[in-house]
Structure formats: C-alpha cells, structure tokens
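In the numbering used here, the protein residues as written are 1 to 230.
Right under this line is the structure:
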C-alpha cells in the first residue's frame, strides 16, 4: 500500500506522497461505486498536475549536485521519483493499459518482477503516508506562485525577464514557509528577488491580496513611445 521505500524529507516529498495516497483512496472508492469517469479524472489530475506540473519542477535542483555531500540527496530524490512513477503506473494501468505496461517494463530494464503490470498490486491508501499539514502548506505555496504568474501575465512581463516581488504575511508561520521555500518561489515564479515587508501591499498597484498574504510586483512596463506613435 502507498509508495514503498519513499523517503519523505522535504515539503514537496511529504506533499506528493500524501497526495498520492489521498488520490489512491479516492480512485478506489470511485471504482468500487463504478464511477470510472471520476476515477480516471482523479488519476489524470494527479499525474498531469501534481506529479508533472509541480513535483518534477520542484525537485529539479536536487539533481544538480556539486559536492559529494549532495549525492545522497540526489540518490534519494531519484529513488523517490522512480518509486512514485512506478506506483502511478499501477494506478493508471486500468485506464491506459498499453502505454503503462511498456513504461513499467522499461523501468525494470525489461526484467520486471512480474510478467505483467496487470498482476501487480493495485495502490491503496497508506494512512501513515497521509500528511494533511504538508498538503495545506503546499497549497499555500502554490497559491503564491500562481498569483505571481498571474501578475506577470496581466502586466505582460516577458517570459525570460525576472522581476522583484514584495510579500506581506501577517502570520509568522506563513513568512517562515515562504522563506524556507524561497528557491522554489524564485524558480517557478521567475522571480529576481523576494523582500518580506511589514506593511500590507493590497492597496498598491500590481498587487494581489489573499487571506494569508499580499504580493506586490515591482515592475513597470517600458513603453517605446516612438514605436507606439509610428
């Protein structure tokens, strides 16, 4: 049950492990009630959004080691990634049997422990791998990154251009969460720098307000007057 051998050390590890188990529980319940559309949609949302859009992007820096001390973290990240992929293939197999079968055999270099993925145990929820606190923290972090991306889109900031942001969070736990995950915010939000301020930012232009934080983007679009006039 769950994902065997998964070492959940970081926030993204604890989050994706918990999400997998939550999804496995939901999928099994949907299959039990013959709601195959619900089961397929839950698997799709997990694999495409949680696993590909977020988890893969969050763990990329862990594969760029510079010292021997970093190699242990890289090996752990690789083992977690492969273990999670294998479990996800088992979860996805009833919906996409052929491609999952091929990838599953490739994971084991053509020498899988069973003749077919169809014979492997179907994932079920492991209650010990559920971490609701990690799911909540990651949802808040994702909310900040999505708001930054939306601000960039509204202001028509060029994709390659990094911009500075100011973040206000009245709750000390929120500030700590953002500070501990500064690197993820900078990479996934294409942020140049993050300044944590003591005053609300909601009334400023180029800002977004939520119940947990305000984010202000220090960006002013430069207009080529001559080109616009022409």
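Glycine included, each C-beta is placed from N, C-alpha and C at the ideal position. On a predicted model such as this, the values are computed, not experimentally measured, just so you know.
Closest by CA to residue 208, which one among 191, 192 and 168?
168
Hey, which unbroken runs of the beta strand (DSSP E) at 3 residues or more fall wholly within the stretch 128-202?
163-168 and 191-197
Which residues DSSP lists as bridging residue 214, in chain order:
168 and 209
Would residue 203 and residue 214 be called neighbours here (beta carbons separated by less than 7 Å)?
no
I need the DSSP call for residue 94, collapsed to helix, strand or coil.
coil
One question on the structure: do residue 163 and residue 122 come within less than 7 Å of each other, judged by their Cβ atoms?
no
Reduced DSSP category for residue 35 - H, G, I as helix; E, B as strand; rest coil:
coil
Delimiting residues of the alpha helix (DSSP H) encompassing residue 231:
As displayed, the chain neither begins before 1 nor continues past 230, which places residue 231 out of reach and without an answer.
Applying the criterion that 16 or more other CB atoms from any shown protein chain within 10 Å of the CB defines a buried residue, is residue 125 buried or exposed?
buried
Taking the alpha-carbon of residue 15 as reference, which of 1, 190 and 80 has the nearest alpha-carbon?
80
Reference residue 60; option with closest CA among 199, 46 and 76:
76
Just to confirm, are residue 88 and residue 55 a CB contact at a threshold of 7 Å?
no
Within 7 Å, strictly: CB atoms of residue 39 and residue 31:
yes
Extent of the continuous alpha helix (DSSP H) run through residue 58
56-59
Going by beta carbon distance, what residues of the same chain come within less than 6 Å of residue 45, once the five residues before and after it are set aside?
none
Keeping to the same chain, check which residues put their C-beta closer than 8 Å to that of residue 182; ignore five residues upstream and five downstream.
194
Are residue 18 and residue 192 closer than 7 Å when you measure CB to CB?
no
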